[in-house]
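Visitor:
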Amino acid sequence: MGGLTRVPGLLFGGDYNPEQWPDEVWQEDVRLMAEAGVNLVTVAVFSWSRLEPAPGAYAFDWLDRVLDLLHAHGIAVDLATATATPPPWLVRSHPEVQPVDATGTRLEFGSRQGYCPSSPVFRAATVRLARAMAERYREHPALAMWHISNEYADHTAECFCEESARDFRRWLRHRHGTLAGLNSAWGTSCWGQHYTDWEQIEPPRKAPGPVNPTQLLDWRRFSSDALLACFEAEREVLKEVTPDVPVTTNFMSVLRDLDYWKWAAAEDLVSDDAYPDPADPRSPVKAALSYDLMRSLKRGPWLLLESAPSAVSWRPVNVPKDPGVMRLHSLQALAHGSDGVMFFQWRQARYGPEKFHSAMLPHGGTRTRQWRETVALGADVRRLAEIAGSTTEAEVALLLDWDSWWGLEAPESMPSDRLRLHELLLAWYAPLHARGIAVDLAPPDRDLSSYRLVIAPNLYLCTAERAAALAAFPGQLVVGPFSGVVDADDQVHDGGAPGPLRGLLGVRVEECRPIPDGGSQEVVTADGTRLLARTWSEWLSVDGEDGEDGDGEDAGSAQDVEVLARYSGGPLDGRPAATRRGTATYLSFLPEDPAPLLDGMLAAAGITGVTGQGLPEGVEACRRGPYLFLLNHGDAPATVPLPALAAPRADTPPTDLLTGRTLPAGPVTIAPRDAVVLKS
Ligand code: GLA
979 MGGLTRVPGL LFGGDYNPEQ WPDEVWQEDV RLMAEAGVNL VTVAVFSWSR
1029 LEPAPGAYAF DWLDRVLDLL HAHGIAVDLA TATATPPPWL VRSHPEVQPV
1079 DATGTRLEFG SRQGYCPSSP VFRAATVRLA RAMAERYREH PALAMWHISN
1129 EYADHTAECF CEESARDFRR WLRHRHGTLA GLNSAWGTSC WGQHYTDWEQ
1179 IEPPRKAPGP VNPTQLLDWR RFSSDALLAC FEAEREVLKE VTPDVPVTTN
1229 FMSVLRDLDY WKWAAAEDLV SDDAYPDPAD PRSPVKAALS YDLMRSLKRG
1279 PWLLLESAPS AVSWRPVNVP KDPGVMRLHS LQALAHGSDG VMFFQWRQAR
1329 YGPEKFHSAM LPHGGTRTRQ WRETVALGAD VRRLAEIAGS TTEAEVALLL
1379 DWDSWWGLEA PESMPSDRLR LHELLLAWYA PLHARGIAVD LAPPDRDLSS
1429 YRLVIAPNLY LCTAERAAAL AAFPGQLVVG PFSGVVDADD QVHDGGAPGP
1479 LRGLLGVRVE ECRPIPDGGS QEVVTADGTR LLARTWSEWL SVDGEDGEDG
1529 DGEDAGSAQD VEVLARYSGG PLDGRPAATR RGTATYLSFL PEDPAPLLDG
1579 MLAAAGITGV TGQGLPEGVE ACRRGPYLFL LNHGDAPATV PLPALAAPRA
1629 DTPPTDLLTG RTLPAGPVTI APRDAVVLKS
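For what it's worth, our numbering labels the leading residue of the sequence shown as 979, then goes sequentially.
1) Start and end of the alpha helix (DSSP H) containing Ser1382?
2) Please determine if the segment 1203-1212 and the segment 1120-1139 are in contact, where contact requires at least 3 C-beta pairs separated by less than 8 Å.
3) Can you tell me where the beta strand (DSSP E) holding Cys1600 begins and where it ends?
4) Residues in its own chain within less than 6 Å of Thr1640 by CB, not counting five upstream and five downstream?
5) Hey, Asp1468 and Pro1191: beta-carbon distance below 7 Å or not?
6) Would you mind working out which of Thr1020, Ser1427, Arg1199 and Asp1613 sits nearest Pro968, comparing C-alpha positions?
7) When the Cα atoms are used, what is the spatial distance from Asp1046 to Val1263?
8) So what does DSSP say about Pro1631, is it helix, strand or coil?
9) What are the boundary residues of the alpha helix (DSSP H) that Trp1349 is part of?
10) Ignore the nearest five residues each way along the sequence and tell me which others in Ala1012's own chain have a CB closer than 6 Å to its CB.
11) Return the chain-ordered ranges of every alpha helix (DSSP H) run that is complete within the segment 1000-1062 and spans a minimum of 4 residues.
12) Looking at the secondary structure, which residues open and close the alpha helix (DSSP H) in which Phe1146 lies?
13) Am I right that Leu1593 and Arg1413 are in contact with their C-beta atoms under 8 Å? What's the rounded C-beta distance?
14) Just the C-alpha distance for Ala1533 and Val1232, rounded to the nearest angstrom, thanks.
15) Would you mind sorting Glu1401 into buried or exposed? The rule is 16 or more other CB atoms within 10 Å of its CB.
16) Kindly provide the ranges of any alpha helix (DSSP H) runs that are 4 or more residues long and lie completely inside the segment 1468-1544, ordered along the chain.
17) Using CA atoms only, rank isn't needed, just tell me which of Ser1142, Glu1387 and Arg1360 is closest to Pro986.
18) For a test of your reading of the model: does the CB of Asn1128 fall under 6 Å from any non-hydrogen atom of the ligand GLA? Yes or no.
19) Does the beta-carbon of Val1219, which I'm using as the reference point, lie nearer than 6 Å to any heavy atom of the ligand GLA?
20) Buried or exposed for Val1470, please, with buried defined as at least 16 other CB atoms from any protein chain shown within 10 angstroms of its CB.
21) Please name the residue in Val1588, Thr1557 and Arg1602 whose C-alpha comes closest to that of Val1618.
22) Kindly indicate which residue of Thr1370, Thr1563 and Ala1599 has the alpha-carbon position closest to the one of Pro1459.
23) Tell me which residue opens and which closes the alpha helix (DSSP H) that Val1263 is part of.
24) Between Arg1183, Arg1512 and Arg1544, which lies nearest to Asp1505 when the distance is taken from Cα to Cα?
25) Do Asp1251 and the ligand GLA come close, with the Cβ less than 6 Å from some heavy atom?
26) Considering only their Cβ atoms, is the gap separating Ser1249 from Leu1281 smaller than 7 Å?
27) From the DSSP output, in three-state form, read off Asp993 for me.
28) Using alpha carbons as the reference points, say which of Gly1560, Asp1423, Thr1352 and Gln1348 lies closest to Gly1453.
29) Between which two residues does the beta strand (DSSP E) holding Met1123 run?
30) Suppose the cutoff is 8 Å on Cβ atoms and the five residues either side in sequence are ignored; what does the same chain contact list for Gly1082 look like?
31) Under 8 Å: do the segment 1058-1066 and the segment 1010-1028 share three or more Cβ pairs, one atom per stretch?
32) When burial is assigned at 16 or more other CB atoms within 10 Å of the CB, is Trp1169 buried or exposed?
33) Any heavy atom of the ligand GLA closer than 6 Å to the CB of Val1707?
34) Going by DSSP in three states, Pro1221 sits in which element: helix, strand or coil?
35) Given a threshold of 16 other Cβ atoms within 10 Å of its Cβ, counted over all protein chains shown, does Ala1555 qualify as buried or as exposed?
36) By Cβ distance, which residues of its chain are closer than 6 Å to Asn1296, with the 5 residues on each side in sequence left out?
What follows is the structure, given as structure tokens:
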């Protein structure tokens, strides 16, 4: 029995929009859902205008019938609070509910998810509907979980209206206390921005030039919090009326707009919508990273609440999934800790912007490849039911900090706008993934003591407290370039980078030297390995070198800071590029391929991949509790050495849970776009 909901085993199903279909189709829907093994559907995500056609006048009868019908066929419901799109009557009677963009334009009705997160009218209306839904369905046996709103920050991540300005000022008062505090934190002495009244402060609307970066940083924090307040207001009502029903909202994978560490703490279960692009060869690794983030948010199972059976409809070119790819991608999510496979959507729409988005049941009906693959996947998911609830132990953590992300990507004010946090994470994640090494994501202030290796691809914003916490970490630590640059207010630390990390790392960054697009800088490791730096390099000083002694008791000395690699050629020739002090490594550059450095770090931390050896290209190996997933994303058969872990006893050859087949002794061969799931 999985722990996420009271539905046993793994969850399988998708978004179901019965209001788009006549009643007779519903009968066919539930019959076909049973055929495919669907045990959970998400209902009512965009149903506000159909459930509350006039203020306070509810029309629940159709939804009652839907829930009854689903329950009668053994299908549980992830019930949305239906608040994702405010109805026309609300936006016409209260135009201020619609969001305003950075140019001051109020956006029109006619799409979805258009609302001002700070609007008291909007929040009150959502809470009223959430209460009505909770009271109506509190005892309904189909109700398995609550789904608040939909994909917060999709379409509307921020609103620049007057109401948002008022809310922003309240938030700023709470953060900075006094106007003097705000002026100091925002550095308003620069460019003549000194404020003498709170009312003078506005959201960072479109301005003639670059906007104050601290104002922007606070705005991003505020905007994440404003949406979170919408979520929390609904959650409070649901918890009051149905305290035992788990609450979620569907996340959007690796998303810059929302601080998911904070958000996840406010929900009972983490769920995610993942749409890897079938046309992007990096999709498997990007998906794996986002799934590992989801698993890390609450350090346990999560739920893939939406994915595409085949093509989406919102990319410029929407490439379908080849035969077997839907299954493979679904198994990948299970491998990385999802307790189910859910799709957008059950039945392909006949109208609206998503009529060409794939579905479990396509326009062509049941005599289609898509339908046959849907039914087959349902059977695979049932075969894997026993994995529900199992967890992954990772020895490596990648640090992810939303404050640093927001600060690093401030427009028009950085040494280079080519440092993108998602890419920096991927640069480290990809080689770990290729080696079959389990990776957690972690916020810098989490207890990291269970890991052997912690990598901070970038910690642009680093406070003294965070630096102290990292210094206390006993394992191998790697800090990437342009870290420890600013404090919590985006102000550069005295003496420059790495600021409070200086004592730990024993280095000083004298100068940032971004590398132009297409350019590179050679770096040579102590053992003569040549690496290429792209995008970024630094003029680095090691305390003790250049006749320097360091300038404090916690500064390093030439004796205890080892230079692991030096720049070669150009103005940086011979200067340190990578250093180690004790267990802390600093990289002042972005290696095109971090593998040669990574292998040394893994060896120092005593970490080997799942198989104990390398993996063929395109093969992913992922352990989840006693289960080992081997996934072949490639176009050719792949042969994988079977790890000892998967075959604990010589007399019991491992069995593939997907086929029931006992595997012969020796390496396993996996067909293209196929997988095996072994239990040890
Ligand atoms: C998002 C939304 C869904 C649907 C899908 C389409 O995930 O939550 O309502 O629009 O995208 O890919």
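Beta carbons are placed, not taken as given, at the ideal position from N, Cα and C, and that holds for glycine.
Treat the numbers as computed from the prediction; the structure is a model and nothing was measured.
Guide: Reading from the atomic positions:
1) Trp1380 to Leu1386
2) yes
3) Val1597 to Arg1602
4) Pro1631 and Thr1633
5) yes
6) A query on residue 968 cannot be resolved here, the shown segment of the chain reaching from 979 to 1658 and no further.
7) 41 Å
8) coil
9) Arg1347 to Arg1361
10) His1051
11) 1001-1014, 1026-1029 and 1039-1050
12) Glu1140 to His1154
13) 7 Å
14) Residue confidence is low: Ala1533 scores 48 on pLDDT, short of 50, so the model does not pin down where it sits. No coordinate-derived value is stated.
15) exposed
16) 1480-1483
17) Arg1360
18) yes
19) no
20) exposed
21) Val1588
22) Thr1563
23) Ser1261 to Leu1275
24) Arg1544
25) yes
26) yes
27) strand
28) Gly1560
29) Leu1121 to His1125
30) Phe1138, Arg1183 and Lys1184
31) yes
32) exposed
33) In this structure the chain extends from 979 to 1658, so residue 1707 is not present and cannot be described.
34) coil
35) buried
36) Ala1289 and Val1290
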